[in-house]
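Each step along the sequence shown adds one to the number in this note's numbering, with nothing skipped, and position 204 is 238. Think of the CB as a built atom: it goes at the ideal place given N, C-alpha and C, for glycine as much as any other residue. Some notes on the structure that comes next.
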Amino acid sequence: MRDLSKTSSGIVILLLVCLLLPATHVHAEQSAEERLEEEGIVLLALRNDTIDTDQDGDIDAVRVVIVMNATTQESDLILKLRSLHKEREVLQIQEVSFENQTNVSLVYDAWSSGEHELRLDFFDQNGDFLASYPLPTFMLQPALKVPHVHLGLEAADDIKTGELCNIHREFADETGPRYGETGIRTFTGAPFSVLDSQGILDCSSWPAGVYELKETYRNGLGQTAESTLNFTILNRPAPAFGLEAKGHQNSTDTPCTIDIVPSSQSWSLKDIEDMTKIWSIKGKVVEGLNSTTIDCRSLSPGAYLVTVEVVTEKMISSTEGINIIRLPSSDLIEEGNTTLPSISKGAETQTESVGWFSIGALALVVTVLVFLMLVRVKEVVPLDLPNLGPEPQILADGSPDPQGLPTTLDDQGVLWRQHPDGRLDWWDNDWRIWQQW
């Protein structure tokens with residue numbers, strides 16, 4: 035009976051020991067304040083202040099104020115304000131080194147609408163965890179600008195190559211950079227590489243084509259923005275212009291110029307001045323001349339075909355030509371007049387008379403020759419006489435046959451053709467042949 039009592043007493047003591055063990059463990063668990071005190075820090079105050087940054091009536095930020103006192107000579111801490119929203123955690127980190135008492139303020143800016151759970155963690159200078167303080171859950175509306183991307187076009191309704199064309203790029207993101215979550219901008223559809231720093235793109239130099247531009251952005255918080263822009267650039271047509279001659283059919287001692295004159299409202303003289311101009315006289319290029327005017331005063335007497343080719347930056351060109359005649363001046367020496375075209379003096383042109391006696395003698399000789407021929411020929415035989423003139427040089431449709439040479443029609447209605455060596459022929463409508471000039 036005594037042994038049973040001893041056994042029961044042992045069991046009771048064992049149960050008491052088991053019950054006391056958890057209590058001892060719970061008592062050993064340190065609180066956040068105790069862990070901070072071991073580091074020589076006393077938390078005096080912890081306060082939360084809500085902020086309406088943009089003053090729109092909605093709370094968009096929380097300021098956490100911490101008041102601490104250092105019981106040792108110097109204390110180093112790392113404070114981390116954590117926010118959990120939409121299963122994404124955002125950190126606001128601040129390192130503190132202080133003596134005696136100090137105040138620390140951490141501000142959390144909402145980056146999205148909804149509930150934000152806040153928590154404040156303390157770490158020592160080595161990054162080892164010390165303590166954690168849960169903070170209230172706040173319903174916040176963000177004041178930070180969410181990602182924004184926009185592409186705008188500055189150009190005419192119908193864009194042609196070389197005309198004014200600018201693309202304005204608008205971009206904003208205050209949320210991602212606020213928490214080190216800056217994203218990447220992606221630009222597609224341009225014929226050349228585009229940098230993020232280029233706020234305006236000059237598309238006046240882009241080749242003709244259909245463009246579908248798109249810019250996208252996504253930051254580390256999962257926020258996205260997108261913008262598209264579609265437009266077409268057409269090839270600018272060839273320059274439209276004419277040539278105006280000042281000095282045509284004038285003598286070589288008078289001024290002579292040939293000017294380029296735009297013949298379309300879509301082209302101005304300033305546009306043509308910026309293009310490449312290739313002048314030619316009788317097919318020979320005038321070197322070093324890139325002007326809208328050519329001085330033809332130095333041309334010797336004769337007929338000339340003057341052409342100019344205007345070439346745009348896109349290598350689209352058009353060519354115009356004009357015939358100009360330069361007459362010899364009146365002060366040329368007599369030897370020069372024998373080799374140059376002369377100016378007709380009309381009724382005052384001097385002629386030489388051969389006399390009536392010479393005409394009569396010639397008629398008598400012809401009469402005798404004809405009589406002798408008729409007497410000696412017994413029968414009429416068709417005479418094989420040469421043609422009185424050259425064969426007409428015309429095509430089947432009755433038009434002049436240029437024989438593959440380039441032709442041009444001057445202001446007086448005279449048709450000219452030019453040989454490879456520069457010689458000119460004019461069309462004689464009476465004989466229907468080419469006469470050499």
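- Take the alpha-carbon of P362 and the one of W471: they are about 15 Å apart.
- Pairing D162 with L154, the inter-Cα distance amounts to about 15 Å.
- Going by C-alpha positions, I85 is about 15 Å away from L152.
- The way I'd put it, the segment 90–108 does touch the segment 131–138; three or more beta-carbon pairs between them come closer than 8 Å.
- The shortest C-alpha to C-alpha distance from Q107 to any of L113, G74, S117, D83 is the one to G74.
- Per DSSP, the unbroken beta strand (DSSP E) holding D329 starts and ends at 327–329.
- Using a C-beta cut-off of 8 Å, the segment 162–172 makes no contact with the segment 190–197, since fewer than three inter-stretch Cβ pairs fall below that distance.
- Residues of the same chain with a CB within less than 7 Å of the CB of S238, apart from the 5 flanking positions on each side, are G196, E197, L198, C199 in chain order.
- For S147, the three-state secondary structure derived from DSSP is coil.
- For E343, the uninterrupted beta strand (DSSP E) segment begins and ends at 336–345.
- Cβ neighbours of P170 within its own chain (closer than 8 Å, five residues either side excluded): N82, L152.
- Sixteen is the threshold: when 16 or more other Cβ atoms of the shown chains lie within 10 Å of the Cβ of Q452, as they do, the residue is buried.
- DSSP places P211 in the uninterrupted alpha helix (DSSP H) bounded by 209–212.
- P273 sits buried, since 16 or more C-beta atoms from the chains shown fall within 10 Å of its C-beta.
- The continuous stretches of beta strand (DSSP E) do not include I306, which lies in the alpha helix (DSSP H) extending over residues 303–307.
- By the Cβ test, the segment 281–292 is not in contact with the segment 258–272, since fewer than three Cβ pairs between them sit closer than 8 Å.
- Look at F226 here: in three-state DSSP terms it is coil, with no helix or strand label.
- DSSP places V180 outside both helix and strand once states are collapsed to three, so it counts as coil.
- Secondary-structure assignment with DSSP links R219 through a beta bridge to Y251.
- Following the DSSP letters along the chain, one finds L70 inside the alpha helix (DSSP H) bounded by residues 66–72.
- With fewer than 16 other CB atoms across the displayed protein chains lying within 10 angstroms of its CB, P271 is exposed.
- The Cβ atoms of S231 and E249 do not sit closer than 7 Å to each other.
- Between T258 and P181 the beta-carbon gap is near 7 Å, inside 8 Å, which marks them as a contact.
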